[in-house]
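First up is the structure itself, then whatever we jot down about it.
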Amino acid sequence: MSSLRPSPITPTVDFDRDGVQHGFLRLPYSRDDSAWGSVMIPICVIRNGSGPSALLTGGNHGDEYEGPLALYDLARTLDPKQVSGTVIIVPAMNYPAFRAGTRTSPIDKGNLNRSFPGRPDGTVTEKIADYFQRELLPRADIALDFHSGGKTLDFVPFCAAHIRPDKVLEAKGFAAVEAFSAPWSMKMLEIDAVGMFDTAAEEMGKLFITTELGGGGTARAETVRIARRGVLNVLRHAGIVAGAVEMQPTRWLDMPSGDCFSFAEDDGMIETMIDLGEPVEEGQVLARIHSIGRTGAAPQEIRARMSGLLAARHFPGLVKAGDCTAVVAVLVD
Numbered sequence: 187m188s189s190l191r192p193s194p195i196t197p198t199v200d201f202d203r204d205g206v207q208h209g210f211l212r213l214p215y216s217r218d219d220s221a222w223g224s225v226m227i228p229i230c231v232i233r234n235g236s237g238p239s240a241l242l243t244g245g246n247h248g249d250e251y252e253g254p255l256a257l258y259d260l261a262r263t264l265d266p267k268q269v270s271g272t273v274i275i276v277p278a279m280n281y282p283a284f285r286a287g288t289r290t291s292p293i294d295k296g297n298l299n300r301s302f303p304g305r306p307d308g309t310v311t312e313k314i315a316d317y318f319q320r321e322l323l324p325r326a327d328i329a330l331d332f333h334s335g336g337k338t339l340d341f342v343p344f345c346a347a348h349i350r351p352d353k354v355l356e357a358k359g360f361a362a363v364e365a366f367s368a369p370w371s372m373k374m375l376e377i378d379a380v381g382m383f384d385t386a387a388e389e390m391g392k393l394f395i396t397t398e399l400g401g402g403g404t405a406r407a408e409t410v411r412i413a414r415r416g417v418l419n420v421l422r423h424a425g426i427v428a429g430a431v432e433m434q435p436t437r438w439l440d441m442p443s444g445d446c447f448s449f450a451e452d453d454g455m456i457e458t459m460i461d462l463g464e465p466v467e468e469g470q471v472l473a474r475i476h477s478i479g480r481t482g483a484a485p486q487e488i489r490a491r492m493s494g495l496l497a498a499r500h501f502p503g504l505v506k507a508g509d510c511t512a513v514v515a516v517l518v519d
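For the sequence shown, our numbering gives the first residue as 187, with consecutive numbering after it.
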């Protein structure tokens, strides 16, 4: 039996009521400009009888936009008559960060995707994580969490699932990824999975998939189209929305080890030597870091530690020591 206190978040929607509801997750937040104020996180629940349940989320990081664009649109347009079960849509999980256009919360600097399982008596970000951990994830049969590169990374557009000890769930995850039908599909490796929403869902035995759709702190027409088509495909694949999956060609990628990642060792200006999606050979120069403090200094070369293709690169033009500069993934035949 849990010894945790109840969540301070109050939903203004009824998760067990049929129809379409647009409301909020209201989190009390007393501050200088609002003594009895609240953080109001938008939520939509679309339910039609019994059946599986999907939790669809975006804005886990506040500077990533493909997911929120697709999910606000889905909340407005999805006909409950086409639904068998429940669709829970939260377009901007970390709403304070989303309003600020920042990766982390301006209130407490919390990175929601490193804050799970959260705490009901913690920071604002920890309270949000706790609510998803204890109230929303347990309701879901499948969870889709949209990401892109934000202001500091740019990706080839892919949907992803993780390698998992439970091979039955792993196979179901990869099948859902394939149904999403992004141009690329990824067997994902995380640099650090501690505190992630992904980890929380997978430790509950949930079917969980995610995306990286572009980046650069904006959204492109192509990646938004991929997101909109993909979320409907996943709902159809799960048997929640009527209709056939709109399959598109996808190529599978793998991130087999930490050698996928390259990092800057100095501050400076980055010159990317290879474009996204291009082939990479082990030892090839991926990028050069130019010193900006003085002229005459030779650039630092960042070389690939494995062969594959360039799946992600740093964005924008200036880097600091420790920044991820490139990600190389391997094509799966």
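Glycine included, C-beta positions come from ideal geometry on N, C-alpha and C.
Measuring CB atoms only, is the stretch 224 to 239 touching the stretch 271 to 280, in the sense that at least three cross pairs come out at less than 8 Å?
yes
In whole angstroms, what separates the C-alpha of T511 from that of K358?
Translated into positions along the sequence shown, residue 511 becomes position 325. Translated into positions along the sequence shown, residue 358 becomes position 172. For T511 and K358, the distance between alpha carbons rounds to 32 Å.
At least three beta-carbon pairs within less than 8 Å, the stretch 418 to 432 to the stretch 275 to 282
no
Measure the C-alpha to C-alpha separation of M187 and F318 and round it to an integer number of angstroms.
Translated into positions along the sequence shown, residue 187 becomes position 1. Translated into positions along the sequence shown, residue 318 becomes position 132. Here the model assigns M187 a pLDDT of 45, short of 50, so the residue's position is not dependable, and the following value carries that caveat. Going by the C-alpha atoms only, they are around 18 Å apart.
Where the alpha helix (DSSP H) through T311 begins and ends:
Numbered from 1 along the sequence shown, position 125 holds the residue referred to as residue 311. From DSSP, the alpha helix (DSSP H) with T311 extends over V310 to Y317.
CA nearest to the CA of H476, picked from R491, M455 and A490
Along the sequence shown, one-based indexing puts residue 476 at 290. Out of R491, M455 and A490, M455 has the C-alpha closest to the C-alpha of H476.
Identify the continuous alpha helix (DSSP H) that holds F341 and give its terminal residues.
The residue labelled residue 341 in the question sits at position 155 within the sequence shown. Not the alpha helix (DSSP H): F341 falls in the beta strand (DSSP E), residues L339 to F341.
Using the Cβ count rule (16 or more neighbours within 10 Å means buried), how would you classify L298?
Looking up residue 298 in the sequence shown gives position 112. Flag for L298 reads buried.
Residue environment, D216, which counts as buried when at least 16 other CB atoms sit within 10 Å:
Counted from its first residue, the sequence shown places residue 216 at position 30. Position check: residue 216 holds Ser in this sequence, whereas Asp was assumed. Exposed is the call here.
In whole angstroms, what is the alpha-carbon distance linking L330 and R437?
For the purposes of this step, residue 330 is taken as residue 144 along the sequence shown, with counting starting at 1. For the purposes of this step, residue 437 is taken as residue 251 along the sequence shown, with counting starting at 1. So the alpha carbons of these two residues sit roughly 20 Å apart.
Extent of the continuous alpha helix (DSSP H) to which L517 belongs
Position 331 of the sequence shown, counting from 1, holds the residue named residue 517. Per DSSP, L517 is not a residue of any alpha helix (DSSP H); the beta strand (DSSP E) it occupies stretches across C510 to L517.
Who are the Cβ neighbours of L418 in its own chain at under 7 Å, not counting the five residues just before and after it?
Within the sequence shown, the letter at position 232 stands for residue 418. These residues qualify, in order along the chain: V427.
Nearest by alpha-carbon distance to I227: which of P343, A286 and L213 is it?
As a working mapping, residue 227 is identified with position 41 in the sequence shown. Here the closest residue by C-alpha is L213.
Less than 7 Å separating the Cβ of T458 from some heavy atom of the ligand ADP?
Among the components of this structure there are no ligands whatsoever, and the ligand ADP is therefore not found.
Complete runs of the beta strand (DSSP E) confined to the stretch 234 to 314 [at least 3 residues]
239 to 243 and 271 to 276
Starting from the Cα of Q486, find the closest Cα among K506, P343, T409 and P254 and give me that residue.
The residue you call residue 486 lines up with position 300 of the sequence shown. Out of K506, P343, T409 and P254, K506 has the C-alpha closest to the C-alpha of Q486.
Within 10 Å of its beta-carbon, does E408 have 16 or more other beta-carbons around it, so buried, or fewer, so exposed?
Position 222 of the sequence shown holds residue 408. It counts as exposed.
Any idea what DSSP makes of L375, helix, strand or coil?
Translated into the one-based positions of the sequence shown, residue 375 becomes position 189. Here L375 sits in coil by DSSP.
Sort out for me which residues DSSP pairs I488 with in a bridge.
In the sequence shown, the residue the question calls residue 488 occupies position 302. According to DSSP, I488 bridges with A473.
Thinking C-beta only, is G335 closer than 8 Å to G287?
As a first step, residue 287 is located in the sequence shown; it is residue number 101 there, counting from the start. As a first step, residue 335 is located in the sequence shown; it is residue number 149 there, counting from the start. Remark: C-beta atoms of G287 and G335 do not approach each other more closely than 8 Å.
Our contact map puts L339 next to A498 with C-beta atoms below 8 Å; I'd like the distance itself, whole angstroms only.
Position 153 of the sequence shown, counting from 1, holds the residue named residue 339. Position 312 of the sequence shown, counting from 1, holds the residue named residue 498. Contact flag correct, Cβ pair sits at about 6 Å.
Own chain partners of E250 with C-beta closer than 6 Å, once the 5 adjacent residues on each side are dropped:
Mapped onto the sequence shown, residue 250 falls at position 64. For E250, the CB contacts under 6 Å within the same chain, skipping 5 residues up- and downstream, are H333, S334 and G336 in chain order.
Over the uninterrupted beta strand (DSSP E) stretch that includes G454, give me the two end residues.
Working through the sequence shown from its first residue, we reach residue 454 at position 268. Its beta strand (DSSP E) spans residues G454 to T458.
Beta strand (DSSP E) containing T396: first to last residue?
Taking the first residue of the sequence shown as 1, we reach residue 396 at position 210. It spans L393 to E398 - the beta strand (DSSP E) in which T396 sits, taken as one unbroken run.
Note down, in chain order, each residue of its chain lying with its Cβ closer than 8 Å to the Cβ of S220, except the 5 sequence neighbours on either side.
Position 34 of the sequence shown, counting from 1, holds the residue named residue 220. Excluding positions up to five away in sequence, the list is empty.
Throw me the rounded Cβ distance for the V513 and F447 pair, which I believe falls under 8 Å.
Taking the first residue of the sequence shown as 1, we reach residue 513 at position 327. Taking the first residue of the sequence shown as 1, we reach residue 447 at position 261. Going by Cβ atoms, the distance from V513 to F447 rounds to 6 Å, so yes, they are a contact pair.
Between which two residues does the alpha helix (DSSP H) holding G416 run?
Residue numbering aside, residue 416 sits at position 230 when the sequence shown is read from its first letter. Taken as a continuous stretch (DSSP letters only), the alpha helix (DSSP H) holding G416 covers A407 to H423.
Classify R437 as helix, strand or coil using the three-state DSSP reduction.
Locating residue 437 in the sequence shown gives position 251, counting from the first residue. If DSSP states are grouped into helix, strand and coil, R437 belongs with the strands.
Is it right to say W222 is buried, meaning 16 or more other beta carbons lie within 10 angstroms of its own, or is it exposed?
Within the sequence shown, numbered from 1, the residue matching residue 222 stands at position 36. So W222 counts as exposed.
Going by Cα to Cα distance, which pick from N246, E457 and K392 is closest to R325?
Taking the sequence shown and counting its residues from 1, one reaches residue 325 at position 139. Closest in alpha carbon position to R325, among N246, E457 and K392, is K392.
Along the chain, where does the alpha helix (DSSP H) containing I497 start, and where does it finish?
Here residue 497 corresponds to residue number 311 of the sequence shown, with the count starting at 1. It is Ala, not Ile, that sits at residue 497 in the sequence shown. Segment G494 to H500 is the beta strand (DSSP E) holding A497; no alpha helix (DSSP H) there.
Between the beta-carbon of R146 and the beta-carbon of S193, is there less than 8 Å?
Only positions 187 to 519 of the chain appear in the structure, and residue 146 is not among them; the question remains open.
Rank L260, I377, E432 and L504 by C-alpha distance to the C-alpha of D453 and give the top, closest one.
Locating residue 453 in the sequence shown gives position 267, where the first residue counts as 1. Nearest C-alpha to D453: L504.
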